[in-house]
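Working notes, beginning with the structure itself.
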Amino acid sequence: ALRSFLCEEFIPCLVQAMDDYTIDNRGDIGSWVRQAAMEAMEAACVALGHLTESENPSLRSDGPTPETTVMRALVKQSLEKIDRVRHAACLHCNKILSSNALASRIECFSELNSIFQDFANLEEASRSSIFDHVKAILSLENYRYHATQGIALSAGGLGDSVSQMAINALVQAIESGGPTLLSLVAHDLHSMLAGNVGDARIMLATMRTLELLFSKASLIDLQDSKLFQSILADVSTGTKNCRDVVMLQVALLLIGHISYGPD
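The numbering of the sequence shown is this note's numbering, which starts it at 26 and goes up by one.
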């Protein structure tokens with residue numbers, strides 16, 4: 026009964042709360058909801074780890090386990106813009122991965138453990154940089170899209186120090202991973218763009234990140250005409266009747282990169 030409640034009701038509710046980006050005159054007040062959800066996620070996973078083996082089956086082939094879904098949400102938050110949220114996400118990842126009872130329930134358990142092992146407390150989380158591990162995280166197919174979401178919201182930000190760290194980490198990871206990783210990340214960014222037409226916050230950050238891949242990672246050299254046409258279509262749809270000067274400027278930069286690239 027407990028496992029059913031946690032997996033079917035409690036964790037899905039927490040995952041939904043992780044998408045709260047409500048903003049008012051105090052700033053990103055949704056971040057308080059996300060932090061509270063992360064704390065509850067850790068508690069839920071710890072509880073699942075203590076269940077008996079008969080109630081805690083190994084990985085199944087019909088989709089990600091609730092524990093993997095939790096880790097995907099935390100990985101995204103661990104790469105986002107706000108320091109306290111990013112540090113908290115790294116800490117909660119560390120705590121969940123310290124339970125060997127969850128090893129059979131979390132995809133890429135050992136790989137994630139090696140990434141988050143240096144974030145055992147908030148002091149270590151604030152001293153260590155998760156951006157040093159971007160290449161390793163993006164190499165995990167089951168987590169790449171969620172990592173791309175998080176890093177895009179950081180890299181496509183306002184140009185502050187966190188944004189610059191995210192940009193540098195993303196470019197270095199792609200330089201190391203080569204054209205294959207560049208293509209995978211670019212398609213993930215396009216999926217973000219296509220799935221969030223009308224959401225100015227996500228669209229602007231995603232468009233900025235794509236523009237950075239053109240200007241700093243030679244995205245145009247992929248010569249993926251289908252991808253580029255899809256990006257142009259989504260940019261056109263997303264900026265129709267738009268009066269946001271910044272978004273229009275970024276859209277024009279993207280159009281310029283694609284239009285003046287090789288045929």
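Glycine is no exception: its CB is placed at the ideal position from the N, C-alpha and C atoms.
Here the structure is a predicted model, which is why all the values come from computation and not from measurement.
Closest option to R130, judged by alpha-carbon separation, among S179, L76 and S154: L76. In this structure, the straight-line span from the alpha carbon of I176 to that of A98 is close to 13 Å. DSSP places D259 in the uninterrupted alpha helix (DSSP H) bounded by S250 to G263. Look at D224 here: in three-state DSSP terms it is coil, with no helix or strand label. Residue environment analysis places C38 among the exposed positions, since fewer than 16 neighbouring C-beta atoms fall within 10 angstroms of its C-beta.
If you draw a straight line from the Cα of D157 to the Cα of A172, it is about 13 Å long.
With a cutoff of 9 Å on beta-carbon distance, R169 and V196 are scored as not near each other.
Around the beta-carbon of A194, 16 or more other beta-carbon atoms lie within 10 Å, marking it buried.
For I48, the pairing in a beta bridge is given by DSSP as D53. Contact check for I155 and E67: beta-carbon distance about 17 Å, past the 8 Å limit, so the pair fails to qualify. Distance from L247 to S216 at the Cβ level is roughly 16 Å; contact not present, criterion being Cβ atoms closer than 8 Å.
DSSP places K120 in the uninterrupted alpha helix (DSSP H) bounded by D108 to L122. Listed in chain order, the non-local C-beta contacts of L229 below 8 Å within the same chain comprise G181, D269, V271, M272 and V275, local neighbours out to five positions each way being set aside. For a cut-off of 8 Å, the C-beta gap from M63 to A113 is around 6 Å, short enough to register as a contact.
In this structure, the beta-carbon distance from N146 to L116 falls below 9 Å. I131 sits in coil when the DSSP states are folded into three classes, being neither helix nor strand. For V260 against L279, the beta-carbon gap comes to about 6 Å, under 8 Å, which counts as contact.
N50 counts as exposed, since fewer than 16 other beta carbons sit within 10 angstroms of its beta carbon. By the CB criterion at 9 Å, M190 and E132 fall outside the cutoff. For K251, the closest C-alpha among the options I162, N266 and H212 is that of H212. Residue state for G74 is assigned as helix, using DSSP reduced to three classes. Going by C-alpha positions, E200 is about 44 Å away from F30.
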